[in-house]
Each structure stands twice: as structure tokens, then as C-alpha cells.
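Asker: My structure is below; once you've seen it, I'll send some questions.
In the working numbering, the protein residues as written are 911 to 1097.
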């Protein structure tokens, strides 16, 4: 019994295929990291590899598309006037616990304009949140955005190298260390 091939819908399927590929990549990268076979992404999305490469000519462009959403989530968090750097650490922890691929992506080529774009967006939201926390005296005056970015990078890297079942505890402990170190109140 042969399965009837899917009808080719032509260019009208493009946006739907792109969304399916991004969601499939999010899942596959979450399970297997950025080095996961791209054929697994195409298969999970229900499209051919040709469609995948039409939308994303290489692994980096697919990874950037996936993690653009992560940065957009963090930007939405930063846009809320009540959000704090503590909220940012919590959100980054949640993202890192669910996927090691972002860390792989950002570290894959430090000079790639596509990944630098993500880093630039992240730096801008850190600046916004840091200024807000300084103004509200929730963070020590000596803390700079580079300190926050380094801390977030350290947290994400540690989580990416920690077994899945231990990530929540490691994230909780790391956030407690950062909060204590950055606090404007004596510990």
C-alpha cells in the first residue's frame, strides 16, 4: 500500500513551511543540540530538505531564526516596566534549561553578523533592565551591563553542560549567587 504524495502547493506554502521548520528546529535542537541532523528538522516539519534549504541555506541561519523568538521573549520581558534583572535571569535560565542549542549557536562563530545581531539585541535589553534596577536601587551601583552579560553567559553555559534532571537546581543556585553578588543590600 503506497502513501499518496502530498500535493505541491507552490509558493503559497512558503510561510507555513517556514513556521513549521522553525518549530521543528526548536524541538530537534532542544533534544539534540545545534549539531542535530538537519534532515531530522525537515522530517519533523513534514517538508523536504529542499524546502528547508530554500528557507535556511545553512545551520546558522536556521538557528538564528529559532532563537530570534527567544530574544523577542526577553525583549518583551524587558519592555514591562515592572520587570527586573532577576526576572531576566529566571527567563534565561528557563530558556537554557530547555535548549542547549542557543549556547552552541552564540559560541559557534563570534564574528558572524547573524549571531552578533542576537547579541546586540540582548545587550540592549540588559542595558534597559540594568538602568531600571539601578534607579530602583535593586542592584549595586558598581554593576555594569558587561557583568550581567557575563553572568548570564556563565549561567547558560553551566546549564548547557549539566544533565537535564539537575538543571533546575543548578539554575536556582547560580541565580542565588548572582543575586547576592549584585545586590545593593549587604549580604
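We put the CB at the ideal spot given by N, CA and C, even for glycine. Computed from a prediction, not measured in an experiment: that's the story for all the values here.
(1) Pick helix, strand or coil for residue 925, following the three-state DSSP scheme.
(2) What residue from 1093, 1076 and 962 has the CA that sits closest to residue 1054's CA?
(3) Go ahead and pull the three-state DSSP assignment for residue 1038.
(4) Would residue 984 be called buried (16 or more neighbouring beta carbons within 10 Å of its own) or exposed?
(5) Quick check: the segment 930–945 against the segment 985–994, are there 3 or more CB pairs under 8 Å?
(6) Let me check understanding here. Comparing Cα to Cα, which of 1090, 1089, 1035 and 1043 lies closest to residue 981?
(7) Compare the C-alpha of residue 1041 against each of 1062, 1001 and 992 and name the closest.
(8) Would the beta-carbon of residue 965 fall within 7 Å of that of residue 931?
(9) Using alpha carbons as the reference points, say which of 975, 1071 and 1046 lies closest to residue 1028.
(10) Could you tell me the distance, in whole angstroms, from the CA atom of residue 1085 to the CA atom of residue 1005?
(11) Mapping the DSSP letters down to three states, classify residue 1051 as helix, strand or coil.
(12) Over what stretch of residues does the alpha helix (DSSP H) that includes residue 1002 continue unbroken?
(13) Note down the Cα distance separating residue 915 from residue 958, rounded to an integer number of angstroms.
(14) Cβ of residue 1069 within 7 Å of Cβ of residue 1039?
(15) If we require 4 or more residues per run, which alpha helix (DSSP H) segments fall completely within the segment 928–956?
(16) Select from 1095, 962 and 1022 the residue whose C-alpha is nearest the C-alpha of residue 1047.
Answerer: A quick look at the data gives this:
(1) Along the chain shown, one-based indexing puts residue 925 at 15. In the structure shown, the three-state DSSP call for residue 925 is helix.
(2) Numbered from its first residue, the chain shown carries residue 1054 at position 144. Comparing Cα-Cα distances from residue 1054 to each of 1093, 1076 and 962, the minimum goes to 1093.
(3) Against the chain shown, residue 1038 aligns to sequence position 128. Residue 1038: helix per DSSP, three-state reduction.
(4) Position 74 of the chain shown, counted from the first residue, corresponds to residue 984. Per the 10 Å Cβ criterion, buried.
(5) As far as the Cβ criterion goes, the segment 930–945 does not touch the segment 985–994, which means the pair count is below three.
(6) If you number the chain shown from 1, residue 981 lands on position 71. Scanning 1090, 1089, 1035 and 1043 for the CA closest to the CA of residue 981 turns up 1035.
(7) In the chain shown, the residue the question calls residue 1041 occupies position 131. The shortest C-alpha separation from residue 1041 is found at 992.
(8) Here the question's residue 965 lines up with position 55 in the chain shown. Here the question's residue 931 lines up with position 21 in the chain shown. Going by C-beta atoms, residue 965 is nearer than 7 Å to residue 931.
(9) Taking the first residue of the chain shown as position 1, residue 1028 is located at position 118. If you compare the alpha carbons of 975, 1071 and 1046 with that of residue 1028, the shortest gap goes to 975.
(10) Translated into the one-based positions of the chain shown, residue 1085 becomes position 175. Translated into the one-based positions of the chain shown, residue 1005 becomes position 95. Residue 1085 and residue 1005: Cα-Cα distance of roughly 14 Å.
(11) Translated into the one-based positions of the chain shown, residue 1051 becomes position 141. Residue 1051 falls in the coil class under three-state DSSP.
(12) Counted from its first residue, the chain shown places residue 1002 at position 92. Boundaries of the alpha helix (DSSP H) around residue 1002: 995–1008.
(13) Position 5 of the chain shown, counted from the first residue, corresponds to residue 915. Position 48 of the chain shown, counted from the first residue, corresponds to residue 958. Reliability of the predicted coordinates at residue 915 is poor, the pLDDT of 47 falling under 50, and the value obtained from them is presented with this limitation in mind. Cα-Cα distance, rounded: 12 Å.
(14) Within the chain shown, numbered from 1, the residue matching residue 1069 stands at position 159. Within the chain shown, numbered from 1, the residue matching residue 1039 stands at position 129. No, the pair does not count as a contact, with Cβ atoms beyond the cut-off.
(15) Counting only runs of 4 or more, we get 948–955.
(16) In the chain shown, counting from the first residue as 1, residue 1047 sits at position 137. Closest option to residue 1047, judged by alpha-carbon separation, among 1095, 962 and 1022: 1095.
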